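Participant: Residue numbers (this note's numbering): 595 to 1606. Beta carbons: idealized from backbone N, C-alpha and C, even for Gly. For clarity, every value in this text was computed on a predicted model and none was experimentally measured. First the structure, which I've put down as structure tokens, then a few questions once you've had a look.
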Amino acid sequence: MRSFFLQAFCFAVILLLIFPLFATPNDKHFAGPEGHPQFSTPWVDSVFTSLSLEERIAQLLMIRIHTDRVENYYDSIARLVMNYNVGGVTFFRGGPKRQVLNTNRLQSQAKTPLLVSMDAEWGPAMRLDSLIPFPRQMALGAINDEKLIYRMGLDVGRQLKRLGVHINFAPVVDVNNNPDNPVINFRAFGEDRYRVAEKGLAYMHGLQDAGVFACAKHFPGHGDTDADSHYTLPLLKHSFEEVDSIHLYPFKRLINEGLHSVMIAHLELPSMEPVPKLASTLSHNIVTNLLQIQMGFDGLIITDALDMQGVSDYFQSGELELRALMAGNDILLLPEDVPAAIQTIKNAVLDGTISEEMVNAKTRKILYYKQKAGLDNFQYIELDNLIEDLNTIETEILQKQLAQAAITLARNEKNLVPVTGLGKRKIAALSIGAPTNNRFQQVLGNYGTVSCYGIDKYHSPYRAAQIMEDLGKYDLVIISVHNNSFFPRNNYGINGKTVGLISAIAKRHDVILSIFANPYSLKVFDDAILDVESVIIAYQDGVIYEEAAANAIFGGLQTTGTLPVSVGKHFPLHTGIISPEPSRIRFGRAEEAGVNTALLAVIDSIALEGIKQKAYPGCQIAVIKDGVVIYNKAFGKHTYDEESRPVDVTDVYDLASVTKIVAGTMAVMRLVEDGRVSLDAPIAEYIHRISETNKEALTLRKVLAHQARLTPWIPFYLSTLDEGEFIPGIYSKQRSIEYPVKVAKDLYINKHFRDTIFSQILASELREKNEYRYSDLGFILLAELVENVTGQPFDTFLEESIYSPMGLTTIGFNPLNRFDIHQIVPTEHDTLWRKQVVHGYVHDPAAAMLGGVSAHAGLFGNARDVAALKYMLLNDGNYGGDQFFLPNTIKEFTSVQFAHNKNRRALGFDKPGLEPGKESPAAKSASPLSFGHSGFTGTYAWADPAENLVYVFLSNRTYPSQSNRSIIELSIRTGIQQAIYDAIDLSRRKDYLSIEIPEFLNDQEVFDTNHN
């Protein structure tokens, strides 16, 4: 042993001489104090004097505890606490409640309060069940917003405080510049020392601002090892200059900003410690001379676990702990034999190998940190509401925000991401290593028609050939690779069959590849990755990562992540393409848009009360705030019958007059933009049969604003009845050349009746007063206008120019052509005209007589798709990267046109009342900028640019009878709308997601990504 100490002493002298040679101009910030503080307070002094030498030594020990073991195990831990008065415990695998129970029990048994620690790099969920896990540090390394990482550190600290934990062995600030590192790898922020430092600082400050000691690890840097110190002692042959310039850099930054503790790695570093096989944990040169003296660190110094084979293979328990103490460590973590460790250190004190003063100083230091952690006034941890307190909505939202911010678009050769031109694409999704209809594929399906397939990673050649054949009819294939490994062994779980299949598909199709794995997994593909047009790295498996990647692919989420590591020759460090800002809706928690989910429960109450009051059998409600679908629910049943089908969010409703704004008006908007019609030209220019009638001078502007003096409506169907019976020659029970137009089940109308409808409209009188009066007649004419101008059927024009390119799968006319009848909600039991339940056919008689297609009524869809149409207008006419309308067009069509005539209407769109407090079709909080429309069947769609808000309510209030006006009398639609505004307002005032960000993050400069 004497030889060892002589060698160590000589090398320490050499290091002290050469360290200044490697100093940088800023190293003065890291210079240590000339002496250590005494860590003396009244409480520390009082506790210290009560301890025997053995107990003072025991205070330096921190023992392991799991909370998933049998009772005998806990008894053995309790004996160590009671018999030896060990200084602390480190909790590992178990559950939150069991951990709290054990913490309370052990603290009650301890003579001196225990310092409690966890190795919770991505939060307590790393060790405990039932909790929300944050992303691994490699994913965090991709994020370009340190404020998010600070918030994560703050939340991890909050959770740990709730569990009674004082130290978190995080962050990992190893610079992982070895892609084959078997132990750090994905646990690191990346290979860029500057980014590692910035993110480590953010995490550290978050933890420590929450009142938890951060512990930077693994000093002096474990990022370039090719062995796992859990099983052996890794050898690093780097020069001191390399270690100093790269691996020590993050530690210096954190120490300079108030780091509380450092964990020492088990590494063999010949350039810094001459004794062979002596781990850095046991090196006085590294722990004392470098860390404390040269770098000026005076916080807690903690060994890595002493039960790891990187050190335990070389020294027996007892001698191992003594050597760690002599190296300069304060806390001896996870000793295998507590009695042996205490006795060996005691003997060393007694025989003069080490001084009692050193033990005393370290004991005082630990007691000082215990007081700093609040253990001078320890209070037992409450069990009540523990899980709820840990798994807060804020935690869930932050978890999603981190996952979203990490998504990295590493390659995008044909700009396939975000996917555009949905109306022209045939899209398939293939998941490798996951079943069909996984969450990734489900979210893809929210954006349009996507055919889904799945295949095992170890598929047969036959299955691969079958998949290739199935994919033959698609031009775009979205491939996802699931259930991978974080570790380099076995190629991160990606085998040759997976690579071969992806390469084969990419040679025949456009491919977007989403990899739910460690970014280093890209190297498995080698040059085959060049066959793939677009590559997304999601960093790990899990629902939130699948949702984020799928949303990014379709433009519901902007990709802002950059690779924190370089991967092979095709993906340099910081690779990452920033995609356009979100232009499609995405589903998320209300909190993602700043709204408290709990406050939206009022919507449920109103909707259910409407069903109870029989205002409607069921309904759908969708709310979009800031591009996020924060509410999308269905209530009740299709009808009042007990056996009736429950309403699902995918079911389709008759939109009634909402058709006017999402069909008729939008068609005209497109034609106006294209210069094919003019709002102020007579409509007779486009509908020649109007010429030489009293309608020939009407303009589109007046028709759309209901200022054209038209009769409100004409009951066309009454002219087909005689004393309640069909007049012969008008209807038939069978389709034929003469009777091609279906108006209901087994009921067809004469092909000439369309002309009869137009004749009645043209023959109708104009109202004398030039005032606002709502009318269907002008909109009935619009469909013919559009067809005359475009040369296309009205429904085809809309489908090809708007609905299909937007990926709206439920919007359209004549739903029985596209959906099973069970997915369509019935509207009325018609006892007067059609004498049947109107189910799958448009409720409006005029639209039905026109074959179910008109500009005033006839459209079917679900609330989500209607909401998407409204959101597109709020988004300046852009959706998914396609520009459907220009902002100026939208502004003109949604502005009041004839306010001087006391007409609140815009062009096609309804608006709030002109006078506040007076009658209005919208809630009182709806801004004057808002616009929308209601429908006769109990529908409502409204958008408000002032709040970036869309609200859609669909119901069949007309079932079984259209005479039911309860929905109006109870103000259900606008009542729900007001509840939404109230929820937004209350959420703002409560400001429950607000976190004060430290100045160092607010003022943070953008770092130079060209550092090397």
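Can you tell me whether residue 1092 is helix, strand or coil according to DSSP?
Facilitator: By 1-based counting over the sequence shown, the position of residue 1092 is 498. The DSSP-derived three-state label of residue 1092 is helix.
Participant: Pick helix, strand or coil for residue 1022, following the three-state DSSP scheme.
Facilitator: By 1-based counting over the sequence shown, the position of residue 1022 is 428. Residue state, collapsed to three classes: strand.
Participant: Quick one: which unbroken beta strand (DSSP E) runs of 3-plus residues sit fully inside the segment 1112-1170? Chain order, please.
Facilitator: 1128-1131
Participant: Buried or exposed, going by whether 16 or more other CB atoms sit within 10 Å of the CB of residue 1163?
Facilitator: Translated into positions along the sequence shown, residue 1163 becomes position 569. That one is exposed.
Participant: Does residue 910 pass the burial test, meaning 16 or more other C-beta atoms within 10 Å, or should it be called exposed?
Facilitator: For the purposes of this step, residue 910 is identified with residue 316 of the sequence shown, where counting begins at 1. Residue 910 is exposed by the Cβ-count criterion.
Participant: I need the straight-line Cα distance from residue 1273 to residue 1257, nearest angstrom please.
Facilitator: Taking the sequence shown and counting its residues from 1, the one referred to as residue 1273 is at position 679. Taking the sequence shown and counting its residues from 1, the one referred to as residue 1257 is at position 663. Taking C-alpha positions only, residue 1273 is separated from residue 1257 by approximately 17 Å.
Participant: Check residue 834 in the structure and name its three-state DSSP category.
Facilitator: Indexing the sequence shown from 1 puts residue 834 at position 240. In this structure, residue 834 counts as helix in the three-state DSSP scheme.
Participant: Tell me whether residue 1102 sits in a helix, a strand or coil according to DSSP, three-state version.
Facilitator: Within the sequence shown, residue 1102 is the residue found at index 508, counting from 1. It is coil, neither helix nor strand.
Participant: Of all the beta strand (DSSP E) runs that stay within the bounds of the segment 1489-1542, which reach a length of 3 or more residues?
Facilitator: 1525-1529 and 1533-1538
Participant: To the nearest angstrom, how far is the alpha carbon of residue 623 from that of residue 853?
Facilitator: Residue mapping note: residue 623 aligns to position 29 of the sequence shown, counting from 1. Residue mapping note: residue 853 aligns to position 259 of the sequence shown, counting from 1. Because the pLDDT of residue 623 is 27, which lies under 50, any placement of that residue in the model is unreliable, and the number read from its coordinates should be weighed accordingly. Put simply, the backbone Cα of residue 623 is about 14 Å away from that of residue 853.
Participant: Relative to the C-alpha of residue 1353, which candidate in 1287, 1377, 1331 and 922 has its C-alpha closest?
Facilitator: For the purposes of this step, residue 1353 is identified with residue 759 of the sequence shown, where counting begins at 1. That would be 1287, whose Cα lies nearest to the Cα of residue 1353.
Participant: When the Cα atoms are used, what is the spatial distance from residue 999 to residue 917?
Facilitator: Here residue 999 refers to the residue found at position 405 when the sequence shown is read from its first residue. Here residue 917 refers to the residue found at position 323 when the sequence shown is read from its first residue. Each residue's CA atom was taken as its position, placing residue 999 and residue 917 some 44 Å apart.
Participant: Looking at the unbroken beta strand (DSSP E) that takes in residue 583, where does it start and where does it end?
Facilitator: Look at the range of the chain in this structure, 595 to 1606, and you will see that residue 583 is not part of it.
Participant: Can you look up residue 1456 in the DSSP assignment and give me helix, strand or coil?
Facilitator: Walking along the sequence shown from the start, residue 1456 turns up at place 862. DSSP places residue 1456 in coil when its eight states are reduced to three.
Participant: State buried or exposed for residue 1368, treating a residue as buried only when at least 16 other CB atoms are found within 10 Å of its CB.
Facilitator: The count along the sequence shown starts at 1 and reaches residue 1368 at position 774. Burial call: exposed.
Participant: Evaluate residue 1113 with the Cβ neighbour count: other Cβ atoms within 10 Å of its Cβ, from every protein chain shown; 16 or more gives buried, anything less gives exposed.
Facilitator: In the sequence shown, counting from the first residue as 1, residue 1113 sits at position 519. By the 10 Å Cβ count, residue 1113 comes out buried.
Participant: Taking the C-alpha atoms as reference points, what is the distance between residue 1306 and residue 1440?
Facilitator: Sequence index remark: in the sequence shown, residue 1306 carries index 712 (1-based). Sequence index remark: in the sequence shown, residue 1440 carries index 846 (1-based). Cα-Cα distance, rounded: 13 Å.
Participant: Between the alpha carbons of residue 1153 and residue 835, how many angstroms are there, rounded?
Facilitator: Counting from one through the sequence shown, the residue named residue 1153 turns up at place 559. Counting from one through the sequence shown, the residue named residue 835 turns up at place 241. Computed Cα separation, rounded: 37 Å.
Participant: Between the alpha carbons of residue 1496 and residue 1285, how many angstroms are there, rounded?
Facilitator: Against the sequence shown, residue 1496 aligns to sequence position 902. Against the sequence shown, residue 1285 aligns to sequence position 691. Using only the alpha carbons, I get a separation of about 30 Å.
Participant: Identify which residue in 1095, 634 and 660 has its Cα closest to the Cα of residue 1054.
Facilitator: One-based indexing of the sequence shown puts residue 1054 at position 460. With respect to the C-alpha of residue 1054, the residue from 1095, 634 and 660 having the closest C-alpha is 1095.
Participant: Is residue 656 helix, strand or coil by DSSP?
Facilitator: On the sequence shown, residue 656 is found 62 positions in, with the first residue counted as 1. Three-state DSSP puts residue 656 in a strand.
Participant: Output needed for residue 1347: all residues of its chain with C-beta closer than 7 Å, excluding positions within five of it in sequence on either side, in chain order.
Facilitator: Taking the first residue of the sequence shown as position 1, residue 1347 is located at position 753. Spatial neighbours of residue 1347 in its own chain (CB-CB distance under 7 Å, excluding positions within 5 residues in sequence) are listed in chain order as 1324 and 1443.
Participant: Could you check the C-alpha separation between residue 1558 and residue 1418 for me, to the nearest Å?
Facilitator: Sequence index remark: in the sequence shown, residue 1558 carries index 964 (1-based). Sequence index remark: in the sequence shown, residue 1418 carries index 824 (1-based). A direct Cα-to-Cα measurement between residue 1558 and residue 1418 gives close to 21 Å.
Participant: Below 8 Å on the Cβ atoms is my contact criterion, and I expect residue 1141 with residue 987 to pass it. Report the Cβ-Cβ distance as a whole number of Å.
Facilitator: By one-based count along the sequence shown, residue 1141 stands at place 547. By one-based count along the sequence shown, residue 987 stands at place 393. Actually they do not touch by this definition, with Cβ atoms about 17 Å apart.
Participant: In whole angstroms, what is the alpha-carbon distance linking residue 858 and residue 905?
Facilitator: Residue mapping note: residue 858 aligns to position 264 of the sequence shown, counting from 1. Residue mapping note: residue 905 aligns to position 311 of the sequence shown, counting from 1. So the two alpha carbons sit approximately 12 Å from each other.
Participant: Taking the alpha-carbon of residue 705 as reference, which of 679, 686 and 684 has the nearest alpha-carbon?
Facilitator: The residue labelled residue 705 in the question sits at position 111 within the sequence shown. Here the closest residue by C-alpha is 679.
Participant: Indicate the three-state DSSP secondary structure (helix, strand or coil) for residue 616 in the structure shown.
Facilitator: The residue given as residue 616 occupies position 22 in the sequence shown. With a pLDDT of 33 at residue 616, under the threshold of 50, the predicted position of this residue should be treated as unreliable, though the coordinate-derived value follows. Here residue 616 sits in helix by DSSP.
Participant: When DSSP labels each residue in this structure, what does residue 855 get in the three-state scheme?
Facilitator: Walking along the sequence shown from the start, residue 855 turns up at place 261. Residue state, collapsed to three classes: strand.
Participant: Of all the alpha helix (DSSP H) runs that stay within the bounds of the segment 1225-1309, which reach a length of 4 or more residues?
Facilitator: Taking only runs of at least 4 residues, the alpha helix (DSSP H) segments lying wholly in the segment 1225-1309 are 1259-1267 and 1294-1298.
Participant: Could you tell me which residues DSSP pairs with residue 920 in its beta bridges?
Facilitator: For the purposes of this step, residue 920 is taken as residue 326 along the sequence shown, with counting starting at 1. According to DSSP, residue 920 bridges with nothing at all.
Participant: Please list the segments of the alpha helix (DSSP H) lying wholly inside the segment 931-963, counting only runs of 4 or more residues, in order along the chain.
Facilitator: As far as the segment 931-963 is concerned, its whole alpha helix (DSSP H) runs of at least 4 residues are 932-944.
Participant: Where do the ends of the beta strand (DSSP E) carrying residue 755 lie?
Facilitator: Against the sequence shown, residue 755 aligns to sequence position 161. Per DSSP, residue 755 belongs to no beta strand (DSSP E); it is in the alpha helix (DSSP H), 740-757.
Participant: Exposed or buried, residue 1013, counting other C-beta atoms within 10 Å across all chains shown (16 or more means buried)?
Facilitator: Numbered from its first residue, the sequence shown carries residue 1013 at position 419. Buried, since its Cβ has 16 or more Cβ neighbours within 10 Å.
Participant: Since residue 549 is in the beta strand (DSSP E), which residue starts that stretch and which ends it?
Facilitator: Any question about residue 549 goes unanswered here, given that the chain covers just 595 to 1606.
Participant: So, helix, strand or coil for residue 676, using DSSP?
Facilitator: Residue mapping note: residue 676 aligns to position 82 of the sequence shown, counting from 1. Residue 676: helix per DSSP, three-state reduction.
Participant: Taking Cβ positions, are residue 938 and residue 913 nearer each other than 8 Å?
Facilitator: For the purposes of this step, residue 938 is taken as the residue at position 344 of the sequence shown. For the purposes of this step, residue 913 is taken as the residue at position 319 of the sequence shown. For residue 938 and residue 913, yes; Cβs fall inside 8 Å.
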